[in-house]
Structure formats: C-alpha cells, structure tokens
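Just so you know, we're using the numbering used here here: the sequence shown kicks off at 351 and counts up by one. Glycine is no exception: its CB is placed at the ideal position from the N, C-alpha and C atoms.
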Amino acid sequence: MMGSTFMSADQGDRKITGGYQPDDDRWARYLQDLVEFVAGQQRWPRPTGGATTEERRLGQWLSTQRRELGIGALSRQRKLELDRQLPGWH
351 MMGSTFMSAD
361 QGDRKITGGY
371 QPDDDRWARY
381 LQDLVEFVAG
391 QQRWPRPTGG
401 ATTEERRLGQ
411 WLSTQRRELG
421 IGALSRQRKL
431 ELDRQLPGWH
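Structure below.
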C-alpha cells in the first residue's frame, strides 16, 4: 500500500487537540483511496450532490482534512503526507 510511516496525532511537533483523528492505518487507507480516485478521475471527489457513495465518502473525508487543517487539528505529519501525495489538496 504505502511506504510511509504515519505518526499518531499526539506525536510530532505538538499534541493535537480537538477535531477528529482516526487511527493511522485507517487514515492511510482513506488517503490511498483518495489518491487513486484523483488519479483515475482527474478531479477532486464531491462530498454531496450527484456523487456515488464511494465518491461522497472520499469527498467528505477530504473536507474533514481541510477543516482539521483550518482549526489546527491536523497533525504536521498528516499535512505533509497530503501535500506530498496530493499537491493542492487544501
């Protein structure tokens, strides 16, 4: 799947408080699914509207990552991984 090792939300530069932080394996699976979707569709998934269930799931996950970044609840490691694999995601 992915060669990267993710740090938990309370590792790294500072303890992250607030927001929703799923475990690292689950987070990595969502990221991989999103990378595959974007590569195949050449666009970001829609969180609502005429999207399939899978597209909505990925769109909602991406919206959550953007919100977590905005409130300072996304770990530095996760932001770096999103930036590396999906430039322009935020």
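Tell me the DSSP secondary structure of residue i in three-state form.
i: D363; result: Residue confidence for D363 is low, a pLDDT of 38 falling below 50, so the modelled location carries little weight and cannot support an answer.
i: S413; result: helix
i: Q392; result: coil
i: W377; result: helix
i: E431; result: helix
i: T403; result: helix
i: G422; result: coil
i: L436; result: coil
What does the Cβ neighbour count give for residue i, buried or exposed, with the cut at 16 atoms within 10 Å?
i: G390; result: exposed
i: Q392; result: exposed
i: G409; result: buried
Report, in whole angstroms, the separation of the C-beta atoms of residue i and residue j, which I expect to be a contact under 8 Å.
i: V388; j: W394; result: 7 Å
Report yes if the C-beta of residue i is less than 7 Å from at least one heavy atom of the ligand GTP; otherwise report no.
i: A401; result: Among the ligands in the structure shown, none appear at all, so the ligand GTP cannot be discussed.
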